[in-house]
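Read the structure below first, then the notes.
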Amino acid sequence: MLPPESDTATLSLGSDETITGLALDAAATDESNDQIPAGLIAAGAGLLAVAGFYLSRKWWLGLLAGTALGMLILGLFGRRPPGTPEDFEVFKKLGWEEDKTDTVITWSEPAKGGKVTTYILQGFKDDKWLIIGEYDNETFTDTIDPSKAEEIERWRMHAKGPGGISKKTNSEDGLE
96 MLPPESDTAT
106 LSLGSDETIT
116 GLALDAAATD
126 ESNDQIPAGL
136 IAAGAGLLAV
146 AGFYLSRKWW
156 LGLLAGTALG
166 MLILGLFGRR
176 PPGTPEDFEV
186 FKKLGWEEDK
196 TDTVITWSEP
206 AKGGKVTTYI
216 LQGFKDDKWL
226 IIGEYDNETF
236 TDTIDPSKAE
246 EIERWRMHAK
256 GPGGISKKTN
266 SEDGLE
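Every position in the sequence shown, counted from 1, becomes a number in the working numbering once 95 is added.
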């Protein structure tokens, strides 16, 4: 059976599991402006810039036009979701002894997209995607306990940043 490519996952914390939504992010608060779409900000700033240039006979209207133009630029280019993590691989690192064998997961920084703050590793088990780990933006490898890794059928990863969530990587086969 192929795992669904849905945007929901389950956070696995020992024996307890918590369902998480698309955002997978409790950081959005009422103080943040994450709820305002960048396109709306850009459109409003563009209208203000046009009005400011039209009425720029006074110095303060020119200042308004410049500020609106700055807002337009920020609205268009300021907040982009991160790109998809690249070079995502899952493999076994064989040791001399059986208990020294590890499951290694590697990835690299996205070449395109906005700023990355967190990488989220997911594994498909029991017909649902589980969050296996969260990593900061400077971590590009992890070693998973082999007994835990053998339970996972497929693996995938995505990045999260101030501009949103990236697309998920293609899922990798579980280890046998």
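All residues carry an ideal CB built from backbone N, CA and C; glycine is no exception.
Fair warning: this is a prediction, and the values are worked out from it, not measured in the lab.
Alpha carbon of residue i to alpha carbon of residue j, nearest angstrom
| i | j | result |
| --- | --- | --- |
| Trp250 | Thr162 | 46 Å |
| Thr201 | Ala160 | 48 Å |
| Ile215 | Pro205 | 14 Å |
| Thr196 | His253 | 26 Å |
| Ile247 | Lys187 | 13 Å |
| Val199 | Ser242 | 13 Å |
| Leu138 | Lys153 | Looking at the sequence itself, residue 138 is Ala, so the reference to Leu does not match. So the two alpha carbons sit approximately 24 Å from each other. |
| Glu184 | Asp221 | 22 Å |
| Ala122 | Gly258 | Bear in mind that the predicted position of Ala122 carries a pLDDT of just 40, short of 50, making it too unreliable to give a figure here. |
| Leu142 | Leu135 | 11 Å |
| Gly157 | Lys223 | 56 Å |
| Ser203 | Ile226 | 19 Å |
| Gly218 | Lys207 | 25 Å |
Status (buried if at least 16 other CB within 10 Å, exposed otherwise) for residue i
| i | result |
| --- | --- |
| Ala140 | buried |
| Ile239 | buried |
| Trp191 | exposed |
| Leu167 | buried |
| Lys255 | buried |
| Asp268 | exposed |
| Gly165 | exposed |
Residue of the options minimising C-alpha distance to residue i
| i | options | result |
| --- | --- | --- |
| Thr236 | Lys223, Gly228 and Ser242 | Gly228 |
Closer than 8 Å: residue i CB and nearest the ligand NAP heavy atom
| i | result |
| --- | --- |
| Ala206 | You won't find the ligand NAP in this model; it holds no ligand whatsoever. |
### Message
I want to know whether the stretch 177–185 touches the stretch 243–263 - three or more CB-CB distances under 8 Å.
### Response
These segments touch.
### Task
Would you check if the stretch 225–233 and the stretch 203–217 touch, i.e. whether three or more CB-CB distances between them fall below 8 Å?
Verdict: yes, contact present.
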